[in-house]
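Visitor: First residue of the sequence shown? That's 0 in numbering that gives the first Met the number 0, and the numbers climb one at a time after it.
Even for Gly, the Cβ is constructed at its ideal location relative to N, Cα and C.
These numbers were taken from a predicted model, which means no experiment stands behind them.
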Amino acid sequence: MGGCVSTSTQSTCSSRSNGEMVSPSCFCGQKRTRRTFSDHIVSLQHLTSIPSRIFMNGKSRSSCIFTQQGRKGINQDAMIVWEDFMSEDAVFCGVFDGHGPHGHLVARKVRDALPIKLSSFLHSCQSKWGGSNSTCFKGNLNKSDAGDSEQYCSAEDKLNSIWREAFLKSYKAMDKELRSHPNLDCFCSGSTAVTLVKQGSNLFMGYIGDSRAIMGSKDSNDSMVAVQLTVDLKPDLPREAERIKRCKGRVFALQDEPEVSRVWLPFDDAPGLAMARAFGDFCLKEYGVISIPEVSHRILTERDQFIVLASDGVWDVLSNEEVVEIVSTAPTRSSAARILVDSAAREWKLKYPTSKMDDCAVVCLFLDGKMDAESDYDEQNFSSATLQSNHSGNAIESDDGQKSEPSLQRNFTVRSSEENDTYGRLPVDVEGNGETVEAEDQNWSGLEGVTRVNSLVQLPRFSEEWPNLEIL
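What follows is the structure, encoded as C-alpha coordinates:
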(Lines of atoms letter the chains of each structure in order from A and count residues from 1; the text may use other names and numbers.)
(Lines give C-alpha, C1' and ligand atoms only; values in the text may rest on other atoms or scores of the structure.)
Protein backbone atom coordinates (compact mmCIF):
# COMPACT_ATOMS: atom_id res chain seq x y z
CA MET A 1 0.00 0.00 0.00
CA GLY A 2 3.03 2.26 -0.03
CA GLY A 3 2.48 3.23 -3.67
CA CYS A 4 -0.05 5.63 -5.08
CA VAL A 5 -2.44 2.83 -5.98
CA SER A 6 -3.26 -0.23 -3.92
CA THR A 7 -3.00 -3.59 -5.59
CA SER A 8 -6.34 -4.39 -4.04
CA THR A 9 -8.09 -1.57 -5.92
CA GLN A 10 -10.08 -3.32 -8.60
CA SER A 11 -10.73 -0.21 -10.66
CA THR A 12 -7.08 0.61 -11.36
CA CYS A 13 -7.61 -0.32 -15.01
CA SER A 14 -11.18 -0.26 -16.18
CA SER A 15 -12.63 -1.87 -19.26
CA ARG A 16 -14.18 -0.08 -22.16
CA SER A 17 -17.23 -1.35 -23.92
CA ASN A 18 -15.03 -2.76 -26.70
CA GLY A 19 -12.92 -4.71 -24.26
CA GLU A 20 -9.81 -2.50 -24.46
CA MET A 21 -8.11 -1.95 -21.14
CA VAL A 22 -7.79 1.72 -20.19
CA SER A 23 -5.01 2.78 -17.85
CA PRO A 24 -5.47 6.00 -15.87
CA SER A 25 -1.80 6.73 -16.46
CA CYS A 26 -2.55 7.39 -20.13
CA PHE A 27 -4.66 10.52 -19.92
CA CYS A 28 -2.16 13.18 -20.97
CA GLY A 29 -3.64 13.71 -24.41
CA GLN A 30 -1.71 10.81 -25.91
CA LYS A 31 -3.11 7.81 -27.72
CA ARG A 32 -4.21 5.16 -25.27
CA THR A 33 -2.45 1.84 -25.52
CA ARG A 34 -2.83 -1.45 -23.75
CA ARG A 35 -0.77 -1.54 -20.56
CA THR A 36 -0.20 -4.11 -17.89
CA PHE A 37 -0.70 -3.41 -14.20
CA SER A 38 3.06 -3.48 -13.62
CA ASP A 39 3.54 -0.85 -16.34
CA HIS A 40 0.97 1.30 -14.57
CA ILE A 41 2.83 1.08 -11.25
CA VAL A 42 6.10 2.10 -12.92
CA SER A 43 4.42 5.15 -14.42
CA LEU A 44 3.08 6.22 -11.01
CA GLN A 45 6.58 6.06 -9.59
CA HIS A 46 7.62 8.72 -12.09
CA LEU A 47 4.88 11.26 -11.46
CA THR A 48 7.44 14.03 -11.06
CA SER A 49 8.57 13.55 -14.67
CA ILE A 50 5.13 14.28 -16.19
CA PRO A 51 5.59 17.68 -17.90
CA SER A 52 1.97 18.80 -17.49
CA ARG A 53 1.97 18.18 -13.74
CA ILE A 54 3.40 20.82 -11.40
CA PHE A 55 3.46 20.54 -7.64
CA MET A 56 5.97 23.16 -6.52
CA ASN A 57 6.32 26.90 -6.92
CA GLY A 58 5.90 27.82 -10.56
CA LYS A 59 3.41 28.16 -13.39
CA SER A 60 1.77 26.12 -16.14
CA ARG A 61 -0.07 27.07 -19.31
CA SER A 62 -3.11 28.33 -17.40
CA SER A 63 -2.15 28.55 -13.73
CA CYS A 64 0.41 29.56 -11.14
CA ILE A 65 1.06 27.99 -7.73
CA PHE A 66 3.05 29.07 -4.71
CA THR A 67 3.58 27.89 -1.13
CA GLN A 68 5.47 29.36 1.79
CA GLN A 69 6.41 27.74 5.07
CA GLY A 70 5.01 29.30 8.21
CA ARG A 71 6.68 29.58 11.60
CA LYS A 72 5.59 26.20 12.97
CA GLY A 73 8.25 24.00 11.39
CA ILE A 74 8.17 22.01 8.19
CA ASN A 75 5.73 23.11 5.50
CA GLN A 76 2.74 20.78 5.73
CA ASP A 77 0.85 22.22 2.77
CA ALA A 78 0.87 20.53 -0.64
CA MET A 79 -0.58 21.60 -3.99
CA ILE A 80 -0.88 20.38 -7.54
CA VAL A 81 -1.95 21.47 -11.02
CA TRP A 82 -2.23 18.67 -13.56
CA GLU A 83 -3.06 19.81 -17.08
CA ASP A 84 -4.12 17.35 -19.79
CA PHE A 85 -5.72 15.36 -16.97
CA MET A 86 -7.60 12.47 -18.64
CA SER A 87 -7.94 14.52 -21.82
CA GLU A 88 -6.32 17.50 -23.48
CA ASP A 89 -8.91 20.04 -22.29
CA ALA A 90 -9.07 18.92 -18.64
CA VAL A 91 -7.10 20.27 -15.69
CA PHE A 92 -6.96 18.94 -12.12
CA CYS A 93 -6.14 21.32 -9.25
CA GLY A 94 -5.78 20.61 -5.56
CA VAL A 95 -4.57 22.08 -2.26
CA PHE A 96 -3.92 19.88 0.77
CA ASP A 97 -3.18 21.10 4.29
CA GLY A 98 -1.62 18.51 6.59
CA HIS A 99 -1.67 18.49 10.37
CA GLY A 100 -0.25 16.32 13.14
CA PRO A 101 3.27 14.90 13.48
CA HIS A 102 3.17 13.35 9.99
CA GLY A 103 0.80 15.80 8.35
CA HIS A 104 3.27 16.85 5.65
CA LEU A 105 3.62 13.23 4.55
CA VAL A 106 -0.15 12.70 4.54
CA ALA A 107 -0.69 15.82 2.42
CA ARG A 108 1.91 14.68 -0.12
CA LYS A 109 0.51 11.18 -0.27
CA VAL A 110 -2.98 12.52 -0.94
CA ARG A 111 -1.63 14.98 -3.53
CA ASP A 112 -0.01 12.15 -5.49
CA ALA A 113 -2.56 9.36 -5.07
CA LEU A 114 -5.94 11.10 -5.12
CA PRO A 115 -5.84 12.31 -8.77
CA ILE A 116 -4.93 8.80 -9.92
CA LYS A 117 -7.77 7.29 -7.93
CA LEU A 118 -10.22 9.86 -9.25
CA SER A 119 -9.25 9.12 -12.85
CA SER A 120 -9.48 5.39 -12.23
CA PHE A 121 -12.97 5.63 -10.74
CA LEU A 122 -14.12 7.96 -13.50
CA HIS A 123 -13.22 5.32 -16.08
CA SER A 124 -14.93 2.69 -13.94
CA CYS A 125 -18.08 4.78 -13.49
CA GLN A 126 -18.19 5.62 -17.20
CA SER A 127 -18.08 1.92 -18.01
CA LYS A 128 -20.74 1.17 -15.40
CA TRP A 129 -23.13 3.80 -16.75
CA GLY A 130 -22.56 2.55 -20.29
CA GLY A 131 -21.61 5.96 -21.65
CA SER A 132 -18.91 7.02 -24.05
CA ASN A 133 -15.77 8.92 -23.22
CA SER A 134 -17.37 12.08 -24.58
CA THR A 135 -20.25 11.69 -22.14
CA CYS A 136 -18.00 11.23 -19.14
CA PHE A 137 -14.99 13.36 -19.93
CA LYS A 138 -15.95 15.98 -22.50
CA GLY A 139 -18.64 17.46 -20.33
CA ASN A 140 -19.43 20.38 -22.68
CA LEU A 141 -23.16 20.00 -22.36
CA ASN A 142 -25.48 22.59 -23.81
CA LYS A 143 -29.13 22.63 -24.67
CA SER A 144 -28.68 22.71 -28.43
CA ASP A 145 -26.51 19.59 -28.36
CA ALA A 146 -29.05 17.71 -26.30
CA GLY A 147 -31.94 18.49 -28.62
CA ASP A 148 -34.55 19.46 -26.02
CA SER A 149 -34.70 20.33 -22.34
CA GLU A 150 -35.69 16.83 -21.23
CA GLN A 151 -32.74 15.20 -22.95
CA TYR A 152 -30.48 17.98 -21.71
CA CYS A 153 -31.52 17.43 -18.10
CA SER A 154 -31.08 13.70 -18.49
CA ALA A 155 -27.55 14.08 -19.90
CA GLU A 156 -26.59 16.60 -17.22
CA ASP A 157 -27.96 14.40 -14.44
CA LYS A 158 -26.00 11.46 -15.79
CA LEU A 159 -22.81 13.49 -15.98
CA ASN A 160 -23.27 14.78 -12.43
CA SER A 161 -23.95 11.27 -11.14
CA ILE A 162 -20.78 9.90 -12.75
CA TRP A 163 -18.56 12.60 -11.31
CA ARG A 164 -20.20 12.52 -7.89
CA GLU A 165 -19.75 8.77 -7.62
CA ALA A 166 -16.13 9.04 -8.75
CA PHE A 167 -15.32 11.73 -6.18
CA LEU A 168 -17.00 9.81 -3.36
CA LYS A 169 -15.27 6.53 -4.22
CA SER A 170 -11.84 8.09 -4.73
CA TYR A 171 -11.95 9.92 -1.39
CA LYS A 172 -13.08 6.75 0.36
CA ALA A 173 -10.32 4.71 -1.27
CA MET A 174 -7.75 7.37 -0.34
CA ASP A 175 -8.68 7.27 3.33
CA LYS A 176 -8.69 3.47 3.29
CA GLU A 177 -5.18 3.45 1.85
CA LEU A 178 -3.95 5.84 4.54
CA ARG A 179 -5.45 3.66 7.27
CA SER A 180 -3.59 0.58 6.06
CA HIS A 181 -0.34 2.28 5.05
CA PRO A 182 2.52 0.20 6.52
CA ASN A 183 4.87 3.11 7.27
CA LEU A 184 2.70 6.20 7.66
CA ASP A 185 0.99 6.66 11.03
CA CYS A 186 -2.22 8.60 10.45
CA PHE A 187 -3.76 7.96 13.86
CA CYS A 188 -3.30 11.59 14.91
CA SER A 189 -2.21 13.04 11.56
CA GLY A 190 -4.31 14.01 8.58
CA SER A 191 -4.95 16.45 5.77
CA THR A 192 -7.62 18.61 4.23
CA ALA A 193 -8.34 18.51 0.50
CA VAL A 194 -9.95 20.92 -1.93
CA THR A 195 -9.88 19.52 -5.46
CA LEU A 196 -11.43 20.42 -8.78
CA VAL A 197 -11.49 19.28 -12.37
CA LYS A 198 -12.23 21.89 -15.03
CA GLN A 199 -13.17 20.52 -18.40
CA GLY A 200 -14.61 22.81 -21.00
CA SER A 201 -17.30 24.90 -19.34
CA ASN A 202 -17.83 22.35 -16.56
CA LEU A 203 -16.33 22.62 -13.10
CA PHE A 204 -16.50 19.59 -10.79
CA MET A 205 -15.35 19.93 -7.19
CA GLY A 206 -14.80 17.68 -4.17
CA TYR A 207 -13.50 18.87 -0.81
CA ILE A 208 -13.10 18.14 2.89
CA GLY A 209 -11.70 20.25 5.73
CA ASP A 210 -11.23 24.00 5.84
CA SER A 211 -9.16 24.70 2.74
CA ARG A 212 -11.25 26.87 0.43
CA ALA A 213 -11.90 27.65 -3.22
CA ILE A 214 -13.30 30.92 -4.54
CA MET A 215 -13.87 32.36 -8.01
CA GLY A 216 -13.30 35.84 -9.36
CA SER A 217 -16.12 36.80 -11.70
CA LYS A 218 -17.42 39.97 -13.34
CA ASP A 219 -20.86 41.27 -12.47
CA SER A 220 -23.25 43.13 -14.78
CA ASN A 221 -21.17 46.30 -14.31
CA ASP A 222 -17.93 44.50 -15.22
CA SER A 223 -16.72 44.82 -11.63
CA MET A 224 -14.83 41.91 -10.08
CA VAL A 225 -16.75 40.04 -7.39
CA ALA A 226 -15.85 37.05 -5.23
CA VAL A 227 -17.90 33.85 -5.43
CA GLN A 228 -17.20 31.25 -2.75
CA LEU A 229 -17.25 27.76 -4.28
CA THR A 230 -16.76 25.65 -1.14
CA VAL A 231 -17.85 25.62 2.48
CA ASP A 232 -15.30 25.51 5.31
CA LEU A 233 -16.22 22.19 6.90
CA LYS A 234 -15.56 23.10 10.52
CA PRO A 235 -17.08 21.67 13.71
CA ASP A 236 -19.16 24.80 14.37
CA LEU A 237 -21.40 24.12 11.35
CA PRO A 238 -24.71 22.82 12.79
CA ARG A 239 -24.90 19.73 10.57
CA GLU A 240 -21.26 18.84 11.29
CA ALA A 241 -21.62 19.36 15.04
CA GLU A 242 -24.80 17.28 15.12
CA ARG A 243 -23.10 14.34 13.40
CA ILE A 244 -20.08 14.48 15.70
CA LYS A 245 -22.23 14.62 18.83
CA ARG A 246 -24.35 11.69 17.60
CA CYS A 247 -21.11 9.70 17.38
CA LYS A 248 -20.20 10.60 21.00
CA GLY A 249 -17.55 13.11 19.96
CA ARG A 250 -17.48 16.49 21.69
CA VAL A 251 -17.40 19.96 20.13
CA PHE A 252 -16.33 23.01 22.10
CA ALA A 253 -13.85 25.90 22.00
CA LEU A 254 -11.08 26.69 24.46
CA GLN A 255 -11.38 29.74 26.67
CA ASP A 256 -8.38 31.46 25.10
CA GLU A 257 -9.75 30.99 21.56
CA PRO A 258 -13.56 31.12 21.88
CA GLU A 259 -14.04 31.59 18.13
CA VAL A 260 -12.49 28.22 17.22
CA SER A 261 -14.67 25.14 17.75
CA ARG A 262 -12.75 21.87 17.95
CA VAL A 263 -13.47 18.14 17.99
CA TRP A 264 -12.53 16.22 21.14
CA LEU A 265 -12.57 12.59 22.18
CA PRO A 266 -15.44 11.62 24.51
CA PHE A 267 -13.11 10.73 27.37
CA ASP A 268 -10.19 13.15 27.02
CA ASP A 269 -9.55 16.78 26.10
CA ALA A 270 -7.65 15.75 22.98
CA PRO A 271 -6.83 16.15 20.17
CA GLY A 272 -8.85 19.32 19.55
CA LEU A 273 -9.14 19.02 15.77
CA ALA A 274 -10.26 22.30 14.18
CA MET A 275 -12.12 20.66 11.27
CA ALA A 276 -15.02 18.24 10.93
CA ARG A 277 -13.79 16.28 7.88
CA ALA A 278 -10.28 15.18 6.97
CA PHE A 279 -8.18 12.39 5.55
CA GLY A 280 -6.49 10.40 8.32
CA ASP A 281 -7.14 11.42 11.96
CA PHE A 282 -8.26 7.88 12.71
CA CYS A 283 -8.38 8.56 16.44
CA LEU A 284 -11.55 10.56 15.70
CA LYS A 285 -13.08 8.58 12.85
CA GLU A 286 -15.29 6.63 15.27
CA TYR A 287 -16.46 9.90 16.83
CA GLY A 288 -17.88 11.82 13.89
CA VAL A 289 -14.92 13.05 11.84
CA ILE A 290 -15.37 11.74 8.29
CA SER A 291 -13.59 11.84 4.93
CA ILE A 292 -16.75 11.97 2.79
CA PRO A 293 -16.39 14.97 0.48
CA GLU A 294 -18.89 17.60 -0.46
CA VAL A 295 -19.28 17.37 -4.25
CA SER A 296 -20.54 20.13 -6.53
CA HIS A 297 -20.89 20.93 -10.24
CA ARG A 298 -20.95 24.37 -11.81
CA ILE A 299 -21.31 25.59 -15.39
CA LEU A 300 -18.75 28.31 -16.07
CA THR A 301 -19.62 31.44 -18.05
CA GLU A 302 -17.59 34.04 -19.92
CA ARG A 303 -17.83 36.32 -16.89
CA ASP A 304 -15.90 33.87 -14.72
CA GLN A 305 -12.23 34.90 -14.75
CA PHE A 306 -10.19 32.76 -12.35
CA ILE A 307 -10.34 30.33 -9.43
CA VAL A 308 -8.22 30.47 -6.30
CA LEU A 309 -7.62 27.42 -4.10
CA ALA A 310 -5.78 28.03 -0.83
CA SER A 311 -5.12 26.56 2.59
CA ASP A 312 -6.50 28.21 5.72
CA GLY A 313 -3.25 30.10 6.27
CA VAL A 314 -4.57 32.51 3.62
CA TRP A 315 -8.23 32.59 4.62
CA ASP A 316 -7.46 33.22 8.30
CA VAL A 317 -6.16 36.68 7.44
CA LEU A 318 -7.68 37.62 4.06
CA SER A 319 -11.31 37.80 2.97
CA ASN A 320 -12.66 36.42 -0.29
CA GLU A 321 -12.98 39.94 -1.66
CA GLU A 322 -9.41 40.82 -0.72
CA VAL A 323 -8.10 37.69 -2.42
CA VAL A 324 -9.98 38.45 -5.63
CA GLU A 325 -8.69 42.03 -5.58
CA ILE A 326 -5.08 40.91 -5.08
CA VAL A 327 -5.17 38.30 -7.85
CA SER A 328 -7.03 40.50 -10.35
CA THR A 329 -4.60 43.40 -9.89
CA ALA A 330 -1.38 41.38 -9.91
CA PRO A 331 1.11 42.85 -12.42
CA THR A 332 1.46 39.46 -14.13
CA ARG A 333 -0.70 36.36 -13.93
CA SER A 334 2.28 34.13 -13.23
CA SER A 335 3.08 36.20 -10.12
CA ALA A 336 -0.47 36.18 -8.70
CA ALA A 337 -0.05 33.20 -6.37
CA ARG A 338 3.19 34.49 -4.90
CA ILE A 339 1.83 38.01 -4.42
CA LEU A 340 -1.21 36.55 -2.65
CA VAL A 341 0.99 34.55 -0.26
CA ASP A 342 3.16 37.61 0.39
CA SER A 343 0.02 39.61 1.20
CA ALA A 344 -1.15 36.91 3.62
CA ALA A 345 2.25 36.92 5.34
CA ARG A 346 2.05 40.69 5.89
CA GLU A 347 -1.47 40.38 7.30
CA TRP A 348 -0.32 37.69 9.71
CA LYS A 349 2.24 40.07 11.17
CA LEU A 350 -0.34 42.84 11.50
CA LYS A 351 -3.32 40.88 12.80
CA TYR A 352 -1.62 38.19 14.89
CA PRO A 353 1.81 39.51 15.92
CA THR A 354 2.08 37.07 18.84
CA SER A 355 0.99 34.04 16.84
CA LYS A 356 3.04 31.74 14.66
CA MET A 357 2.18 32.24 11.00
CA ASP A 358 0.55 29.23 9.38
CA ASP A 359 1.76 27.63 6.16
CA CYS A 360 0.20 29.09 3.02
CA ALA A 361 -0.41 27.34 -0.30
CA VAL A 362 -2.18 28.90 -3.29
CA VAL A 363 -3.30 27.70 -6.72
CA CYS A 364 -4.56 30.32 -9.20
CA LEU A 365 -6.31 28.86 -12.24
CA PHE A 366 -7.16 31.30 -15.04
CA LEU A 367 -10.27 30.12 -16.82
CA ASP A 368 -9.46 31.53 -20.26
CA GLY A 369 -6.42 29.25 -20.37
CA LYS A 370 -3.99 32.11 -20.95
CA MET A 371 -0.89 33.26 -19.09
CA ASP A 372 1.57 36.12 -19.56
CA ALA A 373 3.37 36.36 -22.85
CA GLU A 374 6.58 37.38 -21.17
CA SER A 375 8.56 35.22 -18.79
CA ASP A 376 8.97 36.65 -15.32
CA TYR A 377 10.68 33.69 -13.66
CA ASP A 378 13.85 35.73 -13.06
CA GLU A 379 11.82 38.57 -11.60
CA GLN A 380 9.82 36.31 -9.32
CA ASN A 381 12.80 34.09 -8.45
CA PHE A 382 10.99 30.76 -8.71
CA SER A 383 10.62 28.10 -11.35
CA SER A 384 8.11 25.48 -12.38
CA ALA A 385 8.39 22.08 -10.67
CA THR A 386 11.85 22.78 -9.22
CA LEU A 387 13.58 19.55 -8.36
CA GLN A 388 16.85 18.58 -6.77
CA SER A 389 18.57 15.24 -6.72
CA ASN A 390 19.89 13.36 -3.75
CA HIS A 391 22.96 11.14 -3.77
CA SER A 392 21.05 8.21 -5.23
CA GLY A 393 19.78 10.31 -8.13
CA ASN A 394 16.16 10.28 -6.99
CA ALA A 395 14.23 13.54 -7.21
CA ILE A 396 13.27 15.10 -3.92
CA GLU A 397 11.01 18.04 -3.24
CA SER A 398 12.28 21.49 -2.44
CA ASP A 399 9.91 23.79 -0.58
CA ASP A 400 11.73 26.99 -1.46
CA GLY A 401 13.25 26.06 -4.81
CA GLN A 402 16.71 26.48 -3.35
CA LYS A 403 17.51 23.72 -0.91
CA SER A 404 16.21 20.37 0.18
CA GLU A 405 13.46 20.19 2.73
CA PRO A 406 14.74 19.69 6.31
CA SER A 407 13.69 16.37 7.76
CA LEU A 408 12.04 17.89 10.83
CA GLN A 409 8.51 17.40 11.98
CA ARG A 410 6.34 20.46 12.31
CA ASN A 411 6.04 22.07 15.72
CA PHE A 412 2.55 21.68 17.10
CA THR A 413 1.03 23.61 19.91
CA VAL A 414 -0.04 21.78 23.07
CA ARG A 415 -2.05 23.08 25.97
CA SER A 416 0.68 22.72 28.55
CA SER A 417 4.44 22.98 28.27
CA GLU A 418 4.67 20.33 31.00
CA GLU A 419 3.17 17.74 28.67
CA ASN A 420 5.80 17.88 25.93
CA ASP A 421 6.37 14.67 24.05
CA THR A 422 9.28 13.50 21.95
CA TYR A 423 8.73 11.41 18.86
CA GLY A 424 11.41 9.12 17.50
CA ARG A 425 12.55 8.65 13.96
CA LEU A 426 10.10 7.04 11.57
CA PRO A 427 11.21 6.30 8.02
CA VAL A 428 8.28 6.82 5.68
CA ASP A 429 7.92 6.10 1.98
CA VAL A 430 6.66 9.45 0.71
CA GLU A 431 6.34 9.13 -3.06
CA GLY A 432 5.87 5.38 -3.39
CA ASN A 433 9.23 4.95 -5.14
CA GLY A 434 11.29 3.65 -2.26
CA GLU A 435 12.50 7.08 -1.21
CA THR A 436 12.16 7.73 2.49
CA VAL A 437 12.09 10.76 4.72
CA GLU A 438 13.11 10.42 8.35
CA ALA A 439 11.11 12.25 10.96
CA GLU A 440 13.58 13.66 13.46
CA ASP A 441 13.05 13.88 17.19
CA GLN A 442 10.97 16.97 17.81
CA ASN A 443 9.62 18.47 21.02
CA TRP A 444 6.17 20.01 21.11
CA SER A 445 6.15 23.70 21.98
CA GLY A 446 3.92 25.35 24.57
CA LEU A 447 0.91 27.48 23.83
CA GLU A 448 1.92 30.89 22.46
CA GLY A 449 -0.42 33.78 21.76
CA VAL A 450 -3.34 33.30 19.42
CA THR A 451 -3.62 29.64 18.41
CA ARG A 452 -6.81 29.77 16.38
CA VAL A 453 -5.19 28.33 13.27
CA ASN A 454 -3.56 25.33 14.90
CA SER A 455 -5.34 22.25 13.60
CA LEU A 456 -4.63 20.22 16.73
CA VAL A 457 -4.24 21.30 20.33
CA GLN A 458 -2.67 18.14 21.68
CA LEU A 459 -2.35 14.48 20.88
CA PRO A 460 -4.45 12.03 22.87
CA ARG A 461 -2.68 9.95 25.47
CA PHE A 462 -4.12 6.52 26.09
CA SER A 463 -3.63 4.25 29.05
CA GLU A 464 -5.26 1.22 30.63
CA GLU A 465 -8.06 3.47 31.89
CA TRP A 466 -9.68 3.23 28.44
CA PRO A 467 -9.22 -0.41 27.41
CA ASN A 468 -12.06 -0.30 24.89
CA LEU A 469 -10.29 2.03 22.49
CA GLU A 470 -8.39 0.12 19.86
CA ILE A 471 -5.33 1.99 18.64
CA LEU A 472 -5.04 1.43 14.90
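Roughly how many angstroms lie between the CA atoms of G205 and A77, to the nearest whole one?
Guide: Locating residue 205 in the sequence shown gives position 206, where the first residue counts as 1. Locating residue 77 in the sequence shown gives position 78, where the first residue counts as 1. Spanning the two alpha carbons is a distance of roughly 16 Å.
Visitor: Q67: buried (16+ other C-beta within 10 angstroms of its C-beta) or exposed?
Guide: Taking the first residue of the sequence shown as position 1, residue 67 is located at position 68. The residue is buried, with at least 16 neighbouring Cβ atoms inside 10 Å.
Visitor: So, do the region 214 to 222 and the region 328 to 336 have three or more beta carbon pairs nearer to each other than 8 Å?
Guide: The answer is no - the region 328 to 336 does not touch the region 214 to 222, with fewer than three Cβ pairs under 8 Å.
Visitor: For G368, count neighbouring Cβ atoms within 10 angstroms of its own Cβ and tell me buried if that reaches 16, exposed if not.
Guide: Numbered from its first residue, the sequence shown carries residue 368 at position 369. Exposed.
Visitor: With distance defined between alpha-carbon atoms, name the residue in Q304, L236 and A309 nearest to M274.
Guide: Residue 274 sits at position 275 when you count from the first residue of the sequence shown. For M274, the nearest C-alpha among the options comes from L236.
Visitor: Should I306 and L349 be called a contact, given that it needs their Cβ atoms to be closer than 8 Å?
Guide: Here the question's residue 306 lines up with position 307 in the sequence shown. Here the question's residue 349 lines up with position 350 in the sequence shown. It is not a contact, given that the beta carbons lie outside the stated cut-off.
Visitor: Going by DSSP, what residues sit across from S119 in a beta bridge?
Guide: Here the question's residue 119 lines up with position 120 in the sequence shown. Answer by DSSP bridge pairing: none, since S119 is not bridged.
Visitor: Among L339, S188, D209 and E239, which residue has its Cα nearest to the Cα of A269?
Guide: For the purposes of this step, residue 269 is identified with residue 270 of the sequence shown, where counting begins at 1. Closest by alpha carbon: S188.
Visitor: If you reduce the DSSP assignment to three classes, tell me which class T191 lands in.
Guide: To locate residue 191, count along the sequence shown from 1; it is residue 192. T191: coil per DSSP, three-state reduction.
Visitor: So which of C282, R337, V361 and A344 has the shortest CA-CA distance to P459?
Guide: Numbered from its first residue, the sequence shown carries residue 459 at position 460. Selected option, being the one with the closest Cα: C282.
Visitor: Give the secondary structure of R345 by DSSP, where H, G and I count as helix, E and B as strand, and everything else as coil.
Guide: Along the sequence shown, one-based indexing puts residue 345 at 346. In the structure shown, R345 sits in a helix (DSSP, three-state: H, G or I).
Visitor: So for E296, helix, strand or coil by DSSP?
Guide: As a first step, residue 296 must be located in the sequence shown, where it is residue number 297. Before going further, note that residue 296 is His rather than Glu in the sequence given. Here H296 sits in strand by DSSP.
Visitor: Where does E82 land, buried or exposed, given buried means 16+ other C-beta within 10 angstroms?
Guide: Translated into the one-based positions of the sequence shown, residue 82 becomes position 83. Buried: at least 16 other Cβ atoms inside 10 Å.
Visitor: How many angstroms separate the CA atom of V288 from the CA atom of I161?
Guide: Mapped onto the sequence shown, residue 288 falls at position 289. Mapped onto the sequence shown, residue 161 falls at position 162. In a straight line, the C-alpha of V288 is about 25 Å away from that of I161.
Visitor: Give the secondary structure of V124 by DSSP, where H, G and I count as helix, E and B as strand, and everything else as coil.
Guide: Position 125 of the sequence shown, counting from 1, holds the residue named residue 124. At residue 124 the sequence reads Cys, which differs from the Val that was named. The answer is helix: DSSP assigns C124 an H, G or I state.
Visitor: Helix, strand or coil: how does DSSP classify R52 here?
Guide: Walking along the sequence shown from the start, residue 52 turns up at place 53. Residue state, collapsed to three classes: strand.
Visitor: Between the beta-carbon of V80 and the beta-carbon of V456, is there less than 8 Å?
Guide: Indexing the sequence shown from 1 puts residue 80 at position 81. Indexing the sequence shown from 1 puts residue 456 at position 457. Going by C-beta atoms, V80 is not nearer than 8 Å to V456.
Visitor: Measuring alpha carbon to alpha carbon, tell me which residue in S327, C359, M85 and K355 is nearest D341.
Guide: On the sequence shown, position 342 is the one that residue 341 refers to. Among S327, C359, M85 and K355, the Cα nearest to that of D341 belongs to C359.
Visitor: With DSSP as the reference, identify every bridge partner of T47, one or two as the case may be.
Guide: Position 48 of the sequence shown, counted from the first residue, corresponds to residue 47. In DSSP, T47 forms no bridge with anything.
Visitor: Of the residues D267, I291, L121 and P257, which one's Cα is nearest the Cα of R242?
Guide: Here residue 242 refers to the residue found at position 243 when the sequence shown is read from its first residue. Closest by alpha carbon: I291.
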